[in-house]
Amino acid sequence: MSQSVAQLAKSASLISIATMLSRILGLVREQLIAFMFSRTATDAFYVAFRIPNLLRDLFAEGAMSSAFVPTFTEYLRKRSIEDAWRLASIVINFLFVILSTVTILGILYSDRIVSMFAGEFRSEPGKFELTVQLTQIMFPFLPLVALAAIAMGILNSHGNFFIPALAPALFNVGSIIVAPSLYYWFLHHGWDPILGMAIGTLTGGLLQLLAQIPPLLRKGFTYSLDFSWGHPGVQRIFLLMGPGMIGLASTQINIFVNTWLATSQGEGPVSWLNYAFRLMQFPLGIFGVAIATAALPTISAQIATNETELVTQTLSTSLRMVMMVNIPASLGLISLSHPIIAIIYQHGRFKESDTVSTSNALICYAIGLFAYSSIKVVVPVFYAFGRSRVPVLISTFIVGLNIALNLILIHPLGYLGLALGTSLTSFINIFLLFYWLQTYFVQMDIRELAKSFLKILTASIAMGITCFFFHSWLYSFSLTGSIAWRFTVLSCSIVVGLLSLSLSCKVMRVREFNSALQIFSKRLGFD
Numbered sequence: 029m030s031q032s033v034a035q036l037a038k039s040a041s042l043i044s045i046a047t048m049l050s051r052i053l054g055l056v057r058e059q060l061i062a063f064m065f066s067r068t069a070t071d072a073f074y075v076a077f078r079i080p081n082l083l084r085d086l087f088a089e090g091a092m093s094s095a096f097v098p099t100f101t102e103y104l105r106k107r108s109i110e111d112a113w114r115l116a117s118i119v120i121n122f123l124f125v126i127l128s129t130v131t132i133l134g135i136l137y138s139d140r141i142v143s144m145f146a147g148e149f150r151s152e153p154g155k156f157e158l159t160v161q162l163t164q165i166m167f168p169f170l171p172l173v174a175l176a177a178i179a180m181g182i183l184n185s186h187g188n189f190f191i192p193a194l195a196p197a198l199f200n201v202g203s204i205i206v207a208p209s210l211y212y213w214f215l216h217h218g219w220d221p222i223l224g225m226a227i228g229t230l231t232g233g234l235l236q237l238l239a240q241i242p243p244l245l246r247k248g249f250t251y252s253l254d255f256s257w258g259h260p261g262v263q264r265i266f267l268l269m270g271p272g273m274i275g276l277a278s279t280q281i282n283i284f285v286n287t288w289l290a291t292s293q294g295e296g297p298v299s300w301l302n303y304a305f306r307l308m309q310f311p312l313g314i315f316g317v318a319i320a321t322a323a324l325p326t327i328s329a330q331i332a333t334n335e336t337e338l339v340t341q342t343l344s345t346s347l348r349m350v351m352m353v354n355i356p357a358s359l360g361l362i363s364l365s366h367p368i369i370a371i372i373y374q375h376g377r378f379k380e381s382d383t384v385s386t387s388n389a390l391i392c393y394a395i396g397l398f399a400y401s402s403i404k405v406v407v408p409v410f411y412a413f414g415r416s417r418v419p420v421l422i423s424t425f426i427v428g429l430n431i432a433l434n435l436i437l438i439h440p441l442g443y444l445g446l447a448l449g450t451s452l453t454s455f456i457n458i459f460l461l462f463y464w465l466q467t468y469f470v471q472m473d474i475r476e477l478a479k480s481f482l483k484i485l486t487a488s489i490a491m492g493i494t495c496f497f498f499h500s501w502l503y504s505f506s507l508t509g510s511i512a513w514r515f516t517v518l519s520c521s522i523v524v525g526l527l528s529l530s531l532s533c534k535v536m537r538v539r540e541f542n543s544a545l546q547i548f549s550k551r552l553g554f555d
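If you read the sequence shown in our numbering, its first letter stands for residue 29, the second for the next number, and so on.
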């Protein structure tokens, strides 16, 4: 491997380790919610949390981050460190002013906002009012997480990936600690205990930001109270953000429609879809987002120095890494969806009927896992090239297609149509993105990529079939169906599945499998 590709692999594995901890804590947080609260309360919480998260996608992980990182990286490479710090300060000040204003307006008009998203909740006594309360508490989460995203972008541009990737774990820690601590206090005062989870969310957002301040200071960051929004670097960020904002506005319309459709399906679908998507995000966050996060500063630096061949090599390596991890993960989630959901969530107020409903949603979401991950890798490349309009136009088309498909599928499939529609359109999305990128920007070896894809897919299908039948066979020996036995059977099934994947990859000579093993063994200290 070249030095840049080796650095990408090292950075991605560091992010994966940190993100794995965060995702595990995220699952613990979701388990806590499923265990402690009723479906009415969880439906209200997830709708309320989704409202500030729509803007989070724009000002945190979305257009702002994708526009900020390439610009800040260029300033680090071609200008002085003082210029880079000034640019970061102006962006921070801009976000704080704008998002504080948005937060205040969001709190004041929460009633109207919730009416747009979940007007159907009015049919159930207290559910709509609870959603409004939760929304008002959690709106300040928006500026906290946006500032944390800028801190992450600065650290990533300096090659520091571990702490920023670990910071979201503190968000989950805040929720896990605060919610149970306040449960009985709220219950004693006649309020719904789910309000404690909202306060925990806010606490977690603050911890996520504070965790990144020490490494920022160690990098020499100097903050200045500068509001020069006419600064050339800031104007470039706004220029890159413009198309992204349009594209994300289309995406938010899609999310709005999906939320509205889910709330119209009765009690439960909002929570079932959220639990399934959260679990699907486990491999997506650990590997898809990790690879994309590590690749963006590398590709931005290569473009800034006109190293086009290295850009192609880095992008090709990133996509192969995504294939090798997320295609098997997709088939694994599909084949073991029911036992996985049962082990994680089926406790307390979460019943067998919830497990069946959530596992079906997981299957529909998992179909698109590879496509979701690839989109995370490919879209930032357009931003690094300064061509943000391309993914925006594609995204706008895809959003319209997704809405139409969901409206069609929800009638025969119910809430499952929303998950399946999202997966199907994600494949069309990555196809269009890849076609445009290949035609106008980079020239990757399509035959080799297609060959790798088919080999990995075949090996993954064999693994999925092995997992499904082995689990059914081994579970048939159970007399009690205890949690310990179910966990043992699931663990054995995963191990057998991985052995099957390893054997299949060796038989078909899948080079990416050996590369993945080398990367993770080195990172974990086994080599």
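Where is the CB? At the ideal position from N, CA and C, for every residue including glycine.
- Leu245 and Ser451 have their alpha carbons spaced roughly 41 Å apart.
- Counted as a single uninterrupted DSSP element, the stretch harbouring Ala239 is not any alpha helix (DSSP H), since DSSP gives it neither H nor E.
- Within the same chain, Cβ atoms closer than 7 Å to the Cβ of Phe413 are found at Ile331, Phe469, the five residues on either side in sequence being excluded.
- For Asn200, same chain residues with a beta-carbon under 6 Å away, outside a window of 5 residues either side, are Leu53, Gly54, Arg57 in chain order.
- With respect to Ala226, Ser50 sits apart: the two C-beta atoms are not nearer than 9 Å.
- Per DSSP, the unbroken alpha helix (DSSP H) holding Met144 starts and ends at 138–146.
- Within the region 52–111, the complete alpha helix (DSSP H) runs of at least 4 residues fall at 67–87, 91–106.
- Going by DSSP, Trp501 is part of the alpha helix (DSSP H) stretching over 474–503.
- Under the three-state reduction of DSSP, Val470 is assigned to coil, being neither helix nor strand.
- Inter-residue distance for Glu476 and Cys533 is about 16 Å (C-alpha atoms, whole angstroms).
- Proximity to Phe410 across Val97, Arg84, Phe189 peaks at Val97, based on C-alpha coordinates.
- Taking the Cα of Met48 as reference, the smallest distance to any Cα among Ser506, Ile522, Pro192 is reached at Pro192.
- DSSP, read as helix, strand or coil, puts Met536 in coil.
- Counting only the Cα atoms, Ser402 lies some 10 Å from Leu461.
- For Ser416, the three-state secondary structure derived from DSSP is coil.
- Its chain contains Glu148 as the residues whose beta carbon lies nearer than 6 Å to that of Ser292, once the 5 sequence neighbours on both sides are disregarded; these appear in chain order.
- In the DSSP assignment, Leu170 falls within the unbroken alpha helix (DSSP H) covering 169–185.
- The region 418–436 and the region 508–524 do not touch, with fewer than three beta-carbon pairs separated by less than 8 Å.
- Excluding the 5 residues flanking it on each side, Ile141 has same chain C-beta neighbours closer than 8 Å at Ile79, Gly134, Thr163, in chain order.
- With respect to Tyr303, Ala62 sits close: the two C-beta atoms are nearer than 9 Å.
- Membership of Arg306 in the alpha helix (DSSP H) is indicated by the continuous run 297–311.
- Between Leu170 and Leu127, the gap from beta carbon to beta carbon is short of 9 Å.
- Here DSSP, grouped into helix, strand and coil, assigns Gln341 to helix.
- By the CB criterion at 9 Å, Ile391 and Leu307 fall outside the cutoff.
- Pro367: member of the alpha helix (DSSP H) spanning 365–373, first to last residue.
- Across the set Ser93, Phe459, Tyr74, His259, the C-alpha of Ser93 shows the shortest separation from the C-alpha of Ser416.
- At a Cβ-Cβ threshold of 9 Å, Leu230 and Ile165 count as neighbours.
- Distances from the alpha-carbon of Ile45 to those of Phe189, Leu253, Phe65 put Phe189 closest.
- Taking each of Ser346, Glu110, Gln309 in turn and checking the Cα distance to Ile395, the smallest one comes out for Gln309.
- Pairing Thr99 with Gly261 gives a Cβ-Cβ distance under 9 Å.
- Here the C-alpha atom of Gly445 lies approximately 19 Å from the C-alpha atom of Tyr74.
- Rounded to whole angstroms, the separation of the alpha carbons of Tyr103 and Ser365 is 46 Å.
- Between the alpha carbons of Pro419 and Leu338 lies a distance of about 22 Å.
- Here Pro311 is buried: its Cβ has 16 or more other Cβ atoms, across all protein chains shown, within 10 Å.
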